[in-house]
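Structure first, commentary second.
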Amino acid sequence: MDTPDNPQLDLVPGRDIYSVARLNREVRARLESGFGAVWVEGELSNVSTPRSGHIYFTLKDDRAQVRCAMFSSRKRTLGFRPANGTQVLVNARLSVYEPRGDYQLIVESMEEAGEGALRRAFEQLKKKLAAEGLFAAENKQPLPAVPLRIGIITSPTGAALRDVLKVLRRRFPAIPVLVYPVSVQGAKAPGEIVAAIRLAQERAECDVLLLTRGGGSLEDLQAFNEEAVVRAVAECDIPVICGVGHEIDFSIADFAADQRAPTPSAAAEMLVPDRHEWLRGLVTTANRLVNSVRQAVGQAHQKLVYETRRLDQQHPGQRLRQQTQRLDELEQRLATHMRHRVESLRGRLAQAQTHLQRVSPRHRLARTGDALQGTQQRLAAATRATIDGFNRRLSVAARALDAVSPLATLDRGYAIVTAGNKIVRDATRLKQGDAIEARVARGIIEATVTGTRKEKE
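Numbering (my numbering), first residue to last: 2 to 458.
Spelled out as structure tokens, the structure:
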């Protein structure tokens, strides 16, 4: 439709006629060159994320809207996931989508705006400090049962202070209160709160601190979500109660405090007991103490009486009297026992004398002598008879022995010849020169063999 493409349409000479494509192209060029990068705040809607990785969405407020595109190369810079309804702040270039002639924003960066951004920062800081152990239960300090002085860190003109003082006067008006005035909202608030906490620690005037303010939006409560304030609360060596906002409100300082209260008034009730209940409890405790003391005194008195009696029983004089009495008893028992023992021994002695007379050695010796004399006589007679018998048997044996004795044979002229202490029974066993002995009836003849011969048959 442009003149070079369709020159026949240029019916009026001198007019510069644009095609739609040319128009969109030039509008785009002028728009992109005429505007630099702009910051725009609005709410996301119609969020689309196709496979290409790009993000397409509409940015709107209550009176207008504009189409936006964020290419995948810039998507990596996002710190959150875009979703419909999220309030965002975008840095973008103005452009035109030529095929449709749509005016749009090419987004270079995008971040959450308003409470969305604050909520994300809230969660990130909370997670970080929790990982450091700043909220650990073992780090919490117990609150005093009845504080001697209460320190309140809050705005001196806020409703929170009035509510807290009203509750304290109702519950326990005798406890003094010291207020550390600070801003609880705005840029100066975090620094003033940190300074007040440190001042309270340095002065050491209070034994419990209340950090409080009334309710508000997340942005209103932002001072209690600042890292410096949270760390100051966690590091405070005085117990801290944090009562910020309404019941549904939470601040990071709540997690770092030793005790969290849902409201300022609830925090005041945690700080002090009700004086009437406390007095009743005090009276009850006093009665218990009195009863315990009475019971302890009674038990001590009973023990004293017992120990006194025991001491009297163990007194040296008492023990001496007991031992003296015991000695007298033993002496009597010993005398009685010795008397009975002597009488018993006398009886046994009489019995022994009687028995000794019966078994006296004289009588036994006389009887034994008579028996011995008879035995001697019988033994002598038996001995003589035995000897006579042996003599007779010996004579018979001697005669028989003489009859067979070699010596008797020698008396008849025979001789016994020996050579080398051996009897010679065979002459052929001797040889010339052998020494021999010949035993005769009355002596021994020594000789030398000169020769032997056999006896003729």
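From the three backbone atoms N, C-alpha and C, an ideal C-beta is built for every residue, glycine too. Model, not experiment: these values are computed from the prediction.
key: As assigned by DSSP and simplified to three states, the class of Lys189   = Residue 189 sits at position 188 when you count from the first residue of the sequence shown. Three-state result, Lys189: coil.
ask   = When you compare only the Cα positions, how much space is there between Leu222 and Ser96?
value = Taking the sequence shown and counting its residues from 1, the one referred to as residue 222 is at position 221. Taking the sequence shown and counting its residues from 1, the one referred to as residue 96 is at position 95. Straight-line Cα distance between these residues: approximately 39 Å.
request  = Could you check which residue in Thr369, Leu431 and Asp164 has the C-alpha nearest to that of Ala420?
outcome  = In the sequence shown, residue 420 corresponds to position 419, counting from 1. The residue among Thr369, Leu431 and Asp164 with its C-alpha nearest the C-alpha of Ala420 is Leu431.
query = Under 9 Å, do Val108 and Arg77 count as touching if we go by C-beta distance?
reply = The residue you call residue 108 lines up with position 107 of the sequence shown. The residue you call residue 77 lines up with position 76 of the sequence shown. Cβ atoms of Val108 and Arg77: not closer than 9 Å.
query = Grouping DSSP H, G and I as helix and E and B as strand, with all else coil, what is Thr453?
reply = On the sequence shown, residue 453 is found 452 positions in, with the first residue counted as 1. Coil.
task = Starting from the Cα of Arg413, find the closest Cα among Val441, His356, Arg454 and Thr50 and give me that residue.
result = Working through the sequence shown from its first residue, we reach residue 413 at position 412. Ranking the options by Cα distance to Arg413, first place goes to Val441.
query = CB-CB under 8 Å to Ala224, same chain, minus the five flanking residues each way: which ones, in chain order?
reply = As a working mapping, residue 224 is identified with position 223 in the sequence shown. Result list for Ala224: Ser184, Val185, Gln186, Gly187, Ala190, Pro191, Ile194 and Val230, in chain order.
request  = Would you kindly work out how many angstroms separate the C-alpha atoms of Pro462 and Ala269, rounded to a whole number?
outcome  = Nothing about residue 462 can be read from this structure; the chain reaches only from 2 to 458.
message = Between which residues of its own chain and Tyr472 is the CB-CB distance below 6 Å, once the five residues before and five after are set aside?
response = There is no way to answer for residue 472, as the model of the chain reaches only from 2 to 458.
inquiry  = Using 8 Å as the cut-off, can you tell me whether the region 249 to 263 makes contact with the region 279 to 291, which would need three or more C-beta pairs spanning the two stretches below that distance?
reply    = no
ask   = Rounded C-beta distance between Arg150 and Pro177? I'm assuming under 8 Å.
value = Position 149 of the sequence shown, counted from the first residue, corresponds to residue 150. Position 176 of the sequence shown, counted from the first residue, corresponds to residue 177. Confirmed, Cβ separation roughly 5 Å.
query = What is the residue span of the beta strand (DSSP E) that Ile239 lies within?
reply = Within the sequence shown, numbered from 1, the residue matching residue 239 stands at position 238. First-last for Ile239: undefined, no H or E at that position.
request  = Report back the beta-carbon spacing between Ala448 and Ala439 to the nearest angstrom; my notes put them in contact at under 8 Å.
outcome  = Position 447 of the sequence shown, counting from 1, holds the residue named residue 448. Position 438 of the sequence shown, counting from 1, holds the residue named residue 439. Contact holds; Cβ gap of about 6 Å.
query = Quick one: is Pro100 buried, meaning 16 or more other Cβ sit within 10 Å of its Cβ, or exposed?
reply = Indexing the sequence shown from 1 puts residue 100 at position 99. Flag for Pro100 reads exposed.
task = With a 10 Å radius around its C-beta and 16 neighbouring C-beta atoms as the bar for buried, classify Pro8 as buried or exposed.
result = Along the sequence shown, one-based indexing puts residue 8 at 7. Confidence is the limiting factor: at Pro8 the pLDDT is only 47, short of 50, which leaves the residue's position unreliable and the question unanswerable from this model.
task = Within the region 236 to 292, note down every full beta strand (DSSP E) run reaching 3 residues or more, in order along the chain.
result = 241 to 245
message = Out of Leu305, Ala262, Leu166 and Ile239, which one is the CA nearest neighbour of Leu200?
response = The residue you call residue 200 lines up with position 199 of the sequence shown. For Leu200, the nearest C-alpha among the options comes from Ile239.
message = Classify Glu42: buried if its beta carbon has 16 or more other beta carbons within 10 angstroms, exposed otherwise.
response = Position 41 of the sequence shown, counting from 1, holds the residue named residue 42. Answer is exposed; the Cβ neighbour count stays below 16.
query = Got a sec? Which residues, its chain only, sit under 8 Å from Val89 by beta carbon, not counting five neighbours each side?
reply = Counting from 1 along the sequence shown, the entry for residue 89 is found at position 88. Counting only Cβ-Cβ distances below 8 Å, and skipping sequence neighbours, we find Glu42, Gly43, Glu44, Leu45, Leu60, Pro83, Met111, Glu112, Glu113, Ala114 and Gly117.
request  = For Glu456, I'd like the list of residues in its chain whose CB is within less than 7 Å of its CB, leaving aside the five on either flank, ordered along the chain.
outcome  = Within the sequence shown, residue 456 is the residue found at index 455, counting from 1. Taken in chain order, the list of residues that qualify is empty.
key: Other residues of its chain near Arg276: CB distance less than 8 Å, five sequence neighbours each side excluded   = Working through the sequence shown from its first residue, we reach residue 276 at position 275. So the list reads Arg172, Phe173, Pro174 and Ala175, once near-sequence residues are dropped.
task = Count the other C-beta atoms from every protein chain shown that fall within 10 angstroms of the C-beta of Asp371, then say buried if there are 16 or more, exposed otherwise.
result = Position 370 of the sequence shown, counted from the start, is the residue given in the question as residue 371. Asp371 is exposed by the Cβ-count criterion.
task = Let me know the secondary structure DSSP gives Asp435 once reduced to three states.
result = As a first step, residue 435 must be located in the sequence shown, where it is residue number 434. DSSP, reduced to helix, strand and coil, places Asp435 outside both helices and strands of the structure shown, so it counts as coil.
message = Would Val165 and Ile153 be called neighbours here (beta carbons separated by less than 9 Å)?
response = Your numbering for residue 165 matches position 164 in the sequence shown. Your numbering for residue 153 matches position 152 in the sequence shown. Closer than 9 Å, so yes.
inquiry  = Counting beta carbon pairs with one atom in the region 21 to 35 and one in the region 51 to 68, are three or more of them shorter than 8 Å?
reply    = no
message = Quick check on this structure: which residue in Ala235, Gln125 and Arg68 has the alpha carbon closest to the alpha carbon of Ala138?
response = Working through the sequence shown from its first residue, we reach residue 138 at position 137. Relative to Ala138, the option among Ala235, Gln125 and Arg68 whose CA is nearest is Ala235.
query = So is Ser252 buried or exposed if we call it buried at 16+ other beta carbons inside 10 Å?
reply = Position 251 of the sequence shown, counted from the first residue, corresponds to residue 252. Answer is buried; the Cβ neighbour count reaches 16.
ask   = So what's Tyr415 in DSSP terms, helix, strand or just coil?
value = One-based indexing of the sequence shown puts residue 415 at position 414. Looking at Tyr415 - three-state DSSP - the assignment turns out to be coil, as it is neither helix nor strand.
request  = Check whether the Cβ atoms of Phe36 and Gly54 sit closer than 9 Å, and answer yes or no.
outcome  = Taking the first residue of the sequence shown as position 1, residue 36 is located at position 35. Taking the first residue of the sequence shown as position 1, residue 54 is located at position 53. Contact flag unset, no.
request  = State buried or exposed for Leu331, treating a residue as buried only when at least 16 other CB atoms are found within 10 Å of its CB.
outcome  = Within the sequence shown, numbered from 1, the residue matching residue 331 stands at position 330. It is exposed - the Cβ of Leu331 has fewer than 16 other Cβ atoms within 10 Å.
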